[in-house]
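Numbering (mature numbering (1 follows the signal peptide of the UniProt record, and there is no 0)), first residue to last: -26 to -1, 1 to 696.
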């Protein structure tokens, strides 16, 4: 994890910047020229690097103290020349090895080469920079070991080598008596946390060891001073319980240990950390109750403890955290009511208590949080109605209440439509058996709407047409009747549509093919719709979007991308379509099996979407979406050919990103022999094997499209030769 820009670090950087300005001012008021040895070292430094526009602009015709990124200071040790004291070349596009000549600039106090593409190891000459106080080599491609070089920099105060490729035992690092900030995050350091880091650095304030391969417990931090303000240990393999001495670090403001293997209970001694701003402990194995010890933590801004094994009630003293912005306790085993006085948390922006066992009604006091943008209470045991006071949540963007037992859908929508900024509303598995309201007038900014698995009655409501920004609509697993209205085709931003498992009748309206994200209506062959197309949810490289009407009383249709003029390429196209058909058969079986344990109606979306910023990514993940009559038999290869009149162009009703959409033709036809070779059974098995591989649940085992095309090309070529 990159070093967090907090008050202490901001102060340190401000001091460096002030020194930079003072040095620059001093340079302009002096007549002393750059030291010739320093100029020579800088020229050699520049000569060893590539792609640096600033470096190439350094000219011998100008004084080196005037070069961009170079700061000098005069009157050092009585010298008649100005000496280079700072080298600031961050984000300059530098490539290559760090030149050894850098070590000859012996008056350097600050070096910043961050955010470049420097590679290789650290030159041993760096150890000659005895006056160096600040070194930032972060965000490069540096590798090798660092202890042999950096251990001699006894004047160093801030050391940042994060986001590189260094690999070394952490026990080798340490011995910096003046160290204030130490950041080695996002590398490949191994071993246990060295006690030498803190024992030799009495005034350390920032320690970031996150995103490495560290193991063991935290006993190595025993000697860390009470001046420590930031401790980041995220994304390692650390384990054990939190030692008591941690709670004596009274200056601690940021404590982040997410994604490790810590266990045990949180101590009530956390109340001693009264300067704490961020408490981030998610992705561990903490258990037991959250201590009701937040009275003194009045500076707390983030408490993120999701994905642990915490149990018991919500600590009521969280209400004393008046500056709290983020409270994320999802995916635990918390029980009881949401018994918090939210009037004491007016700055709350994110509240995520999803996937627990919380019960009872929604608290009215939550409406006081006018800054609330994200509210996720899904997968609990909450009951009752949506409070009318929720209409005051004017900043609310994301609301997920799915998998609870709320009632009064009409009242809920009447309240929530007043949340003018609401863009995501997920209410699946609630309001069971109620009528879907028809008199809703708000939701102008809604982009995601999910009412699935509610057993709702009625018809698809016309007020949805006013939701012009809607991209995702899920009304699956209800008891909706009637037909799909033609105005659905006017919802031009829609890319996920799920009406499956209802009692809808009639035909898919032709207007559906006019949706740019569902189909391209420019095809000259567009005719009246007589069937339903097969779609695949798009990923980053696809242009088609899902439309799911499985298990309704509607006619099935088949997609195709070929006509009856058979050559090697045409046979390949037909073969691809057949493979998709075979995949369809397999997927139908899986679908029927999955109905025994029906999950959320939006499929796996809510399993993947724990926070709203992941919603779009999850929706666009690659999944097969099927179309099936509720009483139809399994689809076979002959069915594919027969129902489309051997993929005749007369059956084309539209063209989408998956290919041409063709309606079903029920008259019996003989399969065109040009599709098959002599060994038809062998070809079928080969295509079935490819289809099975394409449906593998592990994406790492799924073949690439290039591989599929190559395999099918081989099958088609064999058929053509026969």
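Every residue, glycine too, gets a C-beta built ideally from N, C-alpha and C.
CA nearest to the CA of residue i, picked from the options
{"i": "residue 233", "options": "268, 183 and 223", "result": "183"}
{"i": "residue 214", "options": "194, 237, 22 and 193", "result": "237"}
{"i": "residue 221", "options": "235, 426, 210 and 201", "result": "201"}
{"i": "residue 258", "options": "305, 267 and 396", "result": "305"}
{"i": "residue 216", "options": "197, 226, 240 and 206", "result": "240"}
{"i": "residue 45", "options": "63, 212 and 35", "result": "63"}
{"i": "residue 458", "options": "441, 444 and 435", "result": "435"}
{"i": "residue 486", "options": "467, 462 and 475", "result": "462"}
{"i": "residue 150", "options": "173, 162 and 288", "result": "173"}
{"i": "residue 205", "options": "230, 212, 191 and 192", "result": "230"}
{"i": "residue 302", "options": "334, 253, 388 and 107", "result": "253"}
{"i": "residue 224", "options": "18, 336, 95 and 243", "result": "243"}
{"i": "residue 290", "options": "282, 283 and 319", "result": "319"}
{"i": "residue 186", "options": "179, 176, 195 and 167", "result": "167"}
{"i": "residue 107", "options": "118, 96 and 125", "result": "125"}
{"i": "residue 391", "options": "469, 292 and 441", "result": "441"}
{"i": "residue 41", "options": "32, 49, 342 and 47", "result": "32"}
{"i": "residue 352", "options": "335, 328 and 358", "result": "328"}
{"i": "residue 140", "options": "155, 148 and 112", "result": "112"}
Boundaries of the beta strand (DSSP E) in which residue i is found, first to last residue
{"i": "residue 302", "result": "300 to 302"}
{"i": "residue 171", "result": "Residue 171 -> not in any beta strand (DSSP E); alpha helix (DSSP H) instead, spanning 170 to 173."}
{"i": "residue 155", "result": "155 to 157"}
{"i": "residue 749", "result": "The structure shown does not extend to residue 749, since the chain is modelled only from -26 through 696, so no value can be given for it."}
{"i": "residue 262", "result": "259 to 263"}
{"i": "residue 132", "result": "132 to 134"}
{"i": "residue 45", "result": "44 to 47"}
{"i": "residue 86", "result": "84 to 86"}
{"i": "residue 236", "result": "235 to 238"}
{"i": "residue 398", "result": "398 to 400"}
{"i": "residue 79", "result": "Segment: none, residue 79 is in no beta strand (DSSP E) and carries neither H nor E."}
{"i": "residue 182", "result": "180 to 182"}
{"i": "residue 331", "result": "331 to 334"}
{"i": "residue 414", "result": "Looking at the DSSP string, residue 414 is not in any beta strand (DSSP E), and its letter there is neither H nor E."}
{"i": "residue 470", "result": "470 to 472"}
{"i": "residue 206", "result": "204 to 206"}
{"i": "residue 24", "result": "Per DSSP, residue 24 belongs to no beta strand (DSSP E) and is neither H nor E."}
{"i": "residue 355", "result": "355 to 358"}
{"i": "residue 309", "result": "307 to 310"}
{"i": "residue 118", "result": "115 to 118"}
{"i": "residue 448", "result": "446 to 448"}
{"i": "residue 93", "result": "91 to 94"}
Under 8 Å between C-beta atoms of residue i and residue j
{"i": "residue 188", "j": "residue 164", "result": "yes"}
{"i": "residue 93", "j": "residue 123", "result": "no"}
{"i": "residue 326", "j": "residue 263", "result": "no"}
{"i": "residue 344", "j": "residue 369", "result": "yes"}
{"i": "residue 28", "j": "residue 66", "result": "yes"}
{"i": "residue 120", "j": "residue 99", "result": "no"}
{"i": "residue 420", "j": "residue 449", "result": "no"}
{"i": "residue 297", "j": "residue 275", "result": "yes"}
{"i": "residue 20", "j": "residue 78", "result": "no"}
{"i": "residue 249", "j": "residue 226", "result": "yes"}
{"i": "residue 115", "j": "residue 91", "result": "yes"}
{"i": "residue 425", "j": "residue 402", "result": "yes"}
{"i": "residue 430", "j": "residue 454", "result": "yes"}
Range of the contiguous alpha helix (DSSP H) that encloses residue i
{"i": "residue 285", "result": "Element bounds for residue 285: not the alpha helix (DSSP H) but the beta strand (DSSP E), 283 to 286."}
{"i": "residue 123", "result": "121 to 124"}
{"i": "residue 19", "result": "10 to 21"}
{"i": "residue 388", "result": "383 to 390"}
Bridge partner(s) assigned by DSSP for residue i
{"i": "residue 324", "result": "300 and 348"}
{"i": "residue 246", "result": "DSSP lists no partner for residue 246."}
{"i": "residue 191", "result": "Beta-bridge pairing links residue 191 to no other residue."}
{"i": "residue 488", "result": "DSSP, once it has assigned bridges, lists no residue as partnering residue 488."}
{"i": "residue 421", "result": "Per DSSP, none; premise fails for residue 421."}
{"i": "residue 668", "result": "BP columns for residue 668 are empty, so no partner."}
{"i": "residue 61", "result": "44 and 85"}
{"i": "residue 252", "result": "228 and 276"}
{"i": "residue 218", "result": "Answer is none; residue 218 lacks a bridge partner."}
{"i": "residue 164", "result": "143 and 187"}
{"i": "residue 55", "result": "Residue 55 is not bridged to any residue."}
{"i": "residue 372", "result": "348 and 398"}
{"i": "residue 71", "result": "93"}
{"i": "residue 431", "result": "409 and 453"}
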